[in-house]
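Residue numbers (UniProt numbering), protein chains in the order written: chain G, 1 to 123; chain P, 1 to 264; chain C, 1 to 365.
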């Protein structure tokens, strides 16, 4: 509830995903690079070579450090790689949204929010 | 009495009885209000969870369509444009704005997407080949992102509502199971204490009355004795008779007055 | 006359390429592929044609890895042919690769402009456009160095020289750079097939002229259509049109003045094929404009680009009816590329469960 105060500045969508997902979302126009010199991107392309630490760092950066991001989109199979981080993340801002990727169809069973939904309904 | 120990630390006075009674009333009103709020929120919450469930499933479909349109771009451009896109992204065209919605006193943020004008990082992409597909893909993805933003709003609402409902329910339970019984206990305690005081007072007054009666009786006896002595001394018949008649009536009147005082 | 000595140097190559052409998937293969339920089924269907190359793929591979493996086959076959080619055919095949090289160099320019480590980009480059000195370009840290090394190290130097300075690389949109290069490349290629003593006046010149003219027209039309609504001015746009082709010069002049799809349609009216394409694409194109038909959801119409691909494939197919021509090598590469695109498309449709549009592939055999 305390985070409600800062929601006004959040106007970007960040994405952590595989190349195709990121390309598509960037095409939609969500990409934003802050002006030099620090030029921070609001997207991260993850491939087989990206290690989990880098994903976690990006996740951390998008969720805690940056105050201008309202929604973090993350491919489900990438969320799986840092599942414990995603599951323990409970803040309302920014919202974490798990999205399917091209090669990994969506599995509702893994989604941390949907699992909470299910638990609440006692299913 | 099980809750004898569980009461508030007050002096059992009439004033605190009044306070407690007001408090109990307040707690009951609060309880019913909170209960209603919790019900309203839960209703909303269930609706949201249902919509999340639907939206998440729909999202799978929407993203598939979007990926296919990206595949179409790859098909038309005949190569991977990913890197070029990543590098030419500069300023977000698609942004979100957060609004607040009031549900039973809870401020739920909702995201609203908007597109800034005249800000196109990818206008030239696929100029020689596949440009039309690129533009189309952008539209498809923009639609997909809109759906995602909607879902994100629902999800934020879900998280916040979840939290709020927990807090409200905790309060409802606290009032129902702790505050109300405790206040009731306190009232009972004060009442019983007051009764006790009353009984003590009654007993005390009775004692006082008894003593008074005894004192009066003793006084009467003395008066009588004195009169008899005077009678003997004076030996005047007329005056004595008149005095004897007034004496007993006075005593009776006194006793009646005292009785009235005792019973209240 | 040309047939007399052709086989001395090039007979083997021609035989090989014709053999490769027979290995292309036919409509019967495609029909089978569209019936597949999973990528594994698809892999099985591709077994006879691509056996060795797909063997190393894991079960249910991603569509991109499938595309990469099928491209590998094309590349290895191309390299084999190239290794056996001599004389002017070798030169011809080098020309073929320049088109891919332009894409690769454009990629490296993008990387350098954004100060990325360009070495990582090397693996993203198209293998057909690979040239030995490409890693050298990665040494360049700024655009001027890159420009100089491109001039020195690559066969693309003539395309840069005269039309692009190193400032241009910095200031112009990379797409304009790419299209300028491509225009120069097409013109050079066209000149080459018509001027080289080994090719001028032979079936090669005829076949390749037709293909290249078509390619030039296609680019001109596409650039026009895609530039609507962008900051590309008409004068700049005109500079990107190749100076030959069926539309040149009247058609391209009209194209350069076109403001909308209608203008394009008028400009290409002189050429029967393009006229029919435009009419087909314009019909029911609606306010969304041309080429929007294959998109959206579930529309079964074909876009202008689809029709161009179809036409390209037909031209390529026709090239095989001629003998003693290098054109078949070009045609084979194009046909094989289309085949890879078809496979990727079908795989994509299967993976995304969008079967209703699976038949949008282009098959000419």
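Where is the CB? At the ideal position from N, CA and C, for every residue including glycine.
By how many angstroms is the C-alpha of residue j removed from the C-alpha of residue i?
i: residue 284/C; j: residue 132/P; result: Only weak support exists for where residue 284/C lies, its pLDDT of 44 falling under 50; the coordinates are left without a value.
i: residue 125/C; j: residue 104/C; result: 5 Å
i: residue 39/C; j: residue 128/P; result: 31 Å
i: residue 345/C; j: residue 126/P; result: 18 Å
i: residue 113/P; j: residue 149/P; result: 7 Å
i: residue 82/P; j: residue 73/P; result: 11 Å
i: residue 298/C; j: residue 114/C; result: Model confidence at residue 298/C stands at a pLDDT of 36, short of 50, so the residue's coordinates are unreliable and nothing is read from them.
i: residue 90/P; j: residue 34/G; result: 8 Å
i: residue 155/C; j: residue 183/C; result: 15 Å
i: residue 289/C; j: residue 93/P; result: A caution first: residue 289/C carries a pLDDT of 43, below 50, which makes its placement in the model too unreliable to give a value.
i: residue 18/P; j: residue 27/P; result: 14 Å
i: residue 171/C; j: residue 190/C; result: 29 Å
i: residue 43/P; j: residue 61/G; result: 35 Å
i: residue 276/C; j: residue 51/P; result: 48 Å
i: residue 363/C; j: residue 204/C; result: 24 Å
i: residue 48/C; j: residue 155/P; result: 49 Å
i: residue 183/P; j: residue 29/P; result: 14 Å
i: residue 196/C; j: residue 95/C; result: 13 Å
i: residue 202/P; j: residue 16/P; result: 22 Å
i: residue 63/C; j: residue 54/C; result: 12 Å
i: residue 58/C; j: residue 69/C; result: 12 Å
i: residue 71/C; j: residue 145/P; result: 32 Å
i: residue 12/P; j: residue 197/P; result: 10 Å
i: residue 33/P; j: residue 70/G; result: 33 Å
i: residue 274/C; j: residue 314/C; result: 14 Å
i: residue 169/P; j: residue 72/G; result: 30 Å
i: residue 167/P; j: residue 85/P; result: 46 Å
i: residue 234/C; j: residue 179/C; result: 15 Å
i: residue 111/P; j: residue 307/C; result: 42 Å
i: residue 63/P; j: residue 101/G; result: 8 Å
i: residue 81/C; j: residue 24/G; result: 37 Å
Under the DSSP definition of a beta bridge, which residues are partnered with residue i?
i: residue 97/G; result: 73/G
i: residue 96/P; result: 113/P
i: residue 41/G; result: 33/G
i: residue 103/P; result: 106/P
Just to confirm, is the Cβ distance from residue i to residue j under 8 Å?
i: residue 136/P; j: residue 69/P; result: yes
i: residue 105/P; j: residue 37/P; result: yes
i: residue 76/G; j: residue 96/G; result: no
i: residue 82/G; j: residue 52/G; result: yes
i: residue 55/G; j: residue 46/G; result: yes
i: residue 74/C; j: residue 350/C; result: no
i: residue 14/P; j: residue 186/P; result: no
i: residue 158/P; j: residue 22/G; result: no
i: residue 98/P; j: residue 118/G; result: no
i: residue 199/C; j: residue 330/C; result: no
i: residue 223/C; j: residue 240/C; result: yes
i: residue 130/P; j: residue 55/P; result: no
i: residue 159/C; j: residue 137/C; result: no
At a cut-off of 7 Å, is residue i close to the ligand HEM when judged by its beta-carbon and the heavy atoms of the ligand?
i: residue 112/C; result: With respect to the ligand HEM, the structure offers nothing, as it holds no ligand at all.
Identify the continuous beta strand (DSSP E) that holds residue i and give its terminal residues.
i: residue 168/P; result: Counting along the chain, residue 168/P falls outside any beta strand (DSSP E), though it belongs to the alpha helix (DSSP H) covering 131-174.
i: residue 16/G; result: 12-17
For residue i, report the span of its alpha helix (DSSP H) as first-last.
i: residue 172/C; result: Careful: residue 172/C lies outside any alpha helix (DSSP H) and carries neither H nor E.
i: residue 62/P; result: 14-77
i: residue 210/P; result: 180-234
i: residue 9/P; result: Neither: residue 9/P is in no alpha helix (DSSP H) and is coded neither H nor E.
i: residue 47/G; result: Taken as a continuous stretch (DSSP letters only), residue 47/G belongs to no alpha helix (DSSP H), as it is neither H nor E.
i: residue 98/C; result: 87-113
i: residue 308/C; result: 304-319
i: residue 51/C; result: 39-54
i: residue 145/C; result: 143-153
i: residue 365/C; result: Looking at the DSSP string, residue 365/C is not in any alpha helix (DSSP H), and its letter there is neither H nor E.
i: residue 219/C; result: 203-227
Should the region 329-341 of chain C be regarded as contacting the region 307-321 of chain C, the criterion being three or more beta carbon pairs within less than 8 Å? They touch, by the three-pair rule.
Counting Cβ pairs closer than 8 Å, one from the region 129-147 of chain C and one from the region 161-176 of chain C, do we hit at least three? The region 129-147 of chain C is in contact with the region 161-176 of chain C.
Would you call the region 81-96 of chain C in contact with the region 133-145 of chain C, where contact means no fewer than 3 C-beta pairs closer than 8 Å? Output reads no: the region 133-145 of chain C does not touch the region 81-96 of chain C.
Going along the chain, which residues of the region 52-68 of chain P sit with their C-beta nearer than 8 Å to a C-beta in chain D? In the structure shown, chain D does not exist; the protein chains are G, P and C.
Tell me, please, whether the region 15-25 of chain P touches the region 149-163 of chain P by the rule of three or more beta-carbon pairs shorter than 8 Å. Using a Cβ-Cβ distance cut-off of 8 Å, the region 15-25 of chain P and the region 149-163 of chain P are not in contact, since fewer than three pairs of beta carbons, one from each stretch, lie closer than that value.
Would the region 23-35 of chain C count as touching the region 302-309 of chain C if we require 3 or more Cβ pairs under 8 Å? At 8 Å Cβ cutoff, the stretches do not touch.
The region 216-223 of chain C / the region 116-132 of chain C touching (three or more Cβ pairs under 8 Å): No contact exists between the region 216-223 of chain C and the region 116-132 of chain C.
Do the region 248-255 of chain C and the region 264-274 of chain C make contact, defined as three or more Cβ pairs closer than 8 Å? The answer is yes - the region 264-274 of chain C touches the region 248-255 of chain C, with three or more Cβ pairs under 8 Å.
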